[in-house]
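Those letters in the sequence shown? Residues 168 to 456, by my numbering.
For glycine and all other residues, C-beta sits at the position ideal for the given N, C-alpha and C.
The structure under discussion appears below in the form of structure tokens.
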Amino acid sequence: MTLQPLDLLHLGDPRRIGVYLVETDDGPALFDCGPTSCLPTLRAVLGERGLEVKDLRHLLLSHIHLDHAGAAGVLVREHPDLVVHVSEVGLPHLVDPGRLEASARRLYGDSFDELWGELAPVPAENVRTAGERVVGLACFPTPGHAAHHVSYLHEDGTLYAGDAAGVRIAPGRFVFAPTPPPELDLELWGATLDELERREPRALALIHFGLFDDVARHLTALRETMFEWGERVAHGMDEATFVAAARADVAAAEPGEADAYDRAAPYSHCYLGLERYWRKRAKAVSEPR
Numbered sequence: 168m169t170l171q172p173l174d175l176l177h178l179g180d181p182r183r184i185g186v187y188l189v190e191t192d193d194g195p196a197l198f199d200c201g202p203t204s205c206l207p208t209l210r211a212v213l214g215e216r217g218l219e220v221k222d223l224r225h226l227l228l229s230h231i232h233l234d235h236a237g238a239a240g241v242l243v244r245e246h247p248d249l250v251v252h253v254s255e256v257g258l259p260h261l262v263d264p265g266r267l268e269a270s271a272r273r274l275y276g277d278s279f280d281e282l283w284g285e286l287a288p289v290p291a292e293n294v295r296t297a298g299e300r301v302v303g304l305a306c307f308p309t310p311g312h313a314a315h316h317v318s319y320l321h322e323d324g325t326l327y328a329g330d331a332a333g334v335r336i337a338p339g340r341f342v343f344a345p346t347p348p349p350e351l352d353l354e355l356w357g358a359t360l361d362e363l364e365r366r367e368p369r370a371l372a373l374i375h376f377g378l379f380d381d382v383a384r385h386l387t388a389l390r391e392t393m394f395e396w397g398e399r400v401a402h403g404m405d406e407a408t409f410v411a412a413a414r415a416d417v418a419a420a421e422p423g424e425a426d427a428y429d430r431a432a433p434y435s436h437c438y439l440g441l442e443r444y445w446r447k448r449a450k451a452v453s454e455p456r
């Protein structure tokens with residue numbers, strides 16, 4: 168396959184965050200853009216392909232988490248004609264990212280600025296709600312990782328999946344679900360995997376990290392790992408034990424790659440999302456109706 172991610176070398180690390188150039192009915196688009204801290208690398212890798220930011224017509228966002236969409240506002244400031252597509256729920260948080268930034272700063276603390284850089288608002292006139300078709304690609308909801316997550320299916324069969332199809336670091340085979348707080352929903356994610364299987368994409372374009380054509384095996388592995396890790400937390404596993412077990416799972420399947428997977432989607436954040444998910448479910452069950 169010729170399509171490959173543009174490696175943004177986040178914090179100097181390869182295979183941590185990648186984005187994709189997509190040919191559309193209305194010229195070149197970028198699928199996800201990474202954080203502002205990676206913009207110098209994004210400009211450089213576009214230049215290697217004979218492009219500049221101003222040559223992009225569209226930005227297709229899977230969701231608004233900063234590793235996927237953090238640079239959107241700065242890109243539009245640099246290129247005021249860029250059209251940004253995002254889900255209806257995600258749209259207000261691009262236009263006014265104050266709550267998003269506050270939430271992320273609580274999670275990342277003093278490391279926020281180094282990790283993500285500036286989070287600038289996207290002017291409302293540049294943003295479009297992603298409907299069922301976006302510049303020739305099918306677009307549909309893929310919640311679970313985040314309630315506002317969408318994915319895009321190209322006519323060539325490539326699914327631009329964001330985080331909906333999990334984390335898998337090329338050239339490896341191990342797959343897991345990134346499950347950070349606050350919007351994780353395992354039940355919805357299971358339904359999303361059903362929908363991905365129904366649509367039978369030819370290949371999965373993952374931000375974390377790579378393009379994979381063994382789609383059926385990949386989605387089966389993702390489902391198995393997601394629910395196995397979820398059950399560990401449901402049955403009371405604490406954070407330190409969970410992180411050690413997750414690292415062991417990856418190390419057994421991909422020797423030497425446990426750190427790479429952790430950098431792409433920290434195991435500790437996976438625990439925090441799962442713990443919050445089960446705590447919310449328990450509270451919902453215990454509350455009187």
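Asked	Found
Rounded separation between Arg369 and Val253 - CA only	23 Å
Buried versus exposed call for Arg210 [16 or more other C-beta atoms within 10 Å across all chains shown]	exposed
Contiguous beta strand (DSSP E) assignments of at least 3 residues, all confined to the segment 208-283	225-227 and 250-253
Distance, Tyr438 Cα to Leu286 Cα	26 Å
Validate contact between the segment 213-229 and the segment 394-402 using beta carbons, cut 8 Å, 3 pairs	no
Chain B contact for Arg210 (CB, 8 Å cutoff)	Among the chains in the structure shown there is no chain B, since it carries only a single protein chain.
Buried versus exposed call for Thr296 [16 or more other C-beta atoms within 10 Å across all chains shown]	exposed
Buried or exposed by the 16-neighbour rule on C-beta atoms within 10 Å, applied to Arg365	exposed
Val382, enclosing alpha helix (DSSP H) - first and last residue	Val382 to Ala401
Best match in Val262, Leu355, Ser435 and Glu406 for proximity to Glu292 [C-alpha to C-alpha]	Val262
Inter-residue Cα distance where the pair is Pro310 and Thr203	25 Å
For Cys205, three-class secondary structure by DSSP	helix
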